[in-house]
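Position in the sequence shown (first residue = 1) + 2 = my numbering.
Here a beta-carbon is modelled for each residue, glycine too, at the ideal position from N, C-alpha and C.
Notes follow once the structure below has been shown.
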Amino acid sequence: MNNTKIIDKLKQIIKEKGLKYTKQREVIFETILNCEKHLSAEDIYNLIIQKYPDEKIGIATVYRALAFLEESNLISSISLDKNTRKFETNFKEHHDHLICTKCNKIVEFVSDKIEKEQEKIAKENNFKLLNHTMYLYGICEECSKK
């Protein structure tokens with residue numbers, strides 16, 4: 003799905019909720035859409051300041067927009083600790099995550115073996131698998147050398 007169609011989906015959700023469409027929400031959402039890595043609220047705020055200095059978007063607006071976008075299922079977050087969350091769009095191909103508990107590095111991966119095993123487990127337990135998210139926590143190579 004291209005970004006124009008995804009932004010149209012955002013506009014549709016806002017309209018359905020009876021809210022006002024704002025350029026600020028769009029800028030925040032586009033910042034996430036256009037970035038390949040996982041971003042914290044502070045990362046998003048800093049990117050916006052650099053790319054859209056005239057928009058005058060504050061950090062509180064970023065946090066409110068992130069809550070709305072996640073509630074609307076347009077983005078998802080990964081909690082790294084009780085104070086740190088990183089966000090990504092829900093319009094990427096399915097993938098799972100390796101997360102370093104020391105430096106918060108996130109590596110995306112896809113494994114056909116894991117996908118098939120999950121389907122097998124669901125079937126064995128009489129579940130129809132609709133969706134899943136996998137986070138594997140550990141220590142990355144760089145941190146294990148420190």
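- Item | For residue 88, the residue or residues it bridges with in DSSP | Paired residues: 80.
- Alpha-carbon to alpha-carbon, residue 131 and residue 149: No answer is possible for residue 149: the residues shown for the chain start at 3 and end at 148.
- Could you please give me the residues that DSSP links to residue 111 through a beta bridge? Residue 111 is bridged to 98.
- Item | Rounded Cβ spacing between residue 30 and residue 61 (contact assumed at less than 8 Å) | Between residue 61 and residue 30 the Cβ distance is about 11 Å, and since that is not below 8 Å, they are no contact.
- In the structure shown, what three-state DSSP assignment does residue 131 receive? Looking at residue 131 - three-state DSSP - the assignment turns out to be coil, as it is neither helix nor strand.
- Message: Here's a check: name, in chain order, each residue in its chain whose Cβ is nearer than 8 Å to the Cβ of residue 77, leaving out the five neighbours to either side.
- Response: Closer than 8 Å at Cβ, skipping near neighbours: 31, 34, 68, 71, 89, 90, 91, 92.
- Item | Endpoints, alpha helix (DSSP H) assigned at residue 138 | First-last for residue 138: 137 to 140, but that is the beta strand (DSSP E), not the alpha helix (DSSP H).
- Applying the criterion that 16 or more other CB atoms from any shown protein chain within 10 Å of the CB defines a buried residue, is residue 123 buried or exposed? Note on residue 123: under 16 other CB atoms within 10 angstroms of its CB, so exposed under the neighbour-count rule.
- Query: Quick one: is residue 97 buried, meaning 16 or more other Cβ sit within 10 Å of its Cβ, or exposed?
  - Reply: When all chains shown are included, residue 97 counts as exposed.
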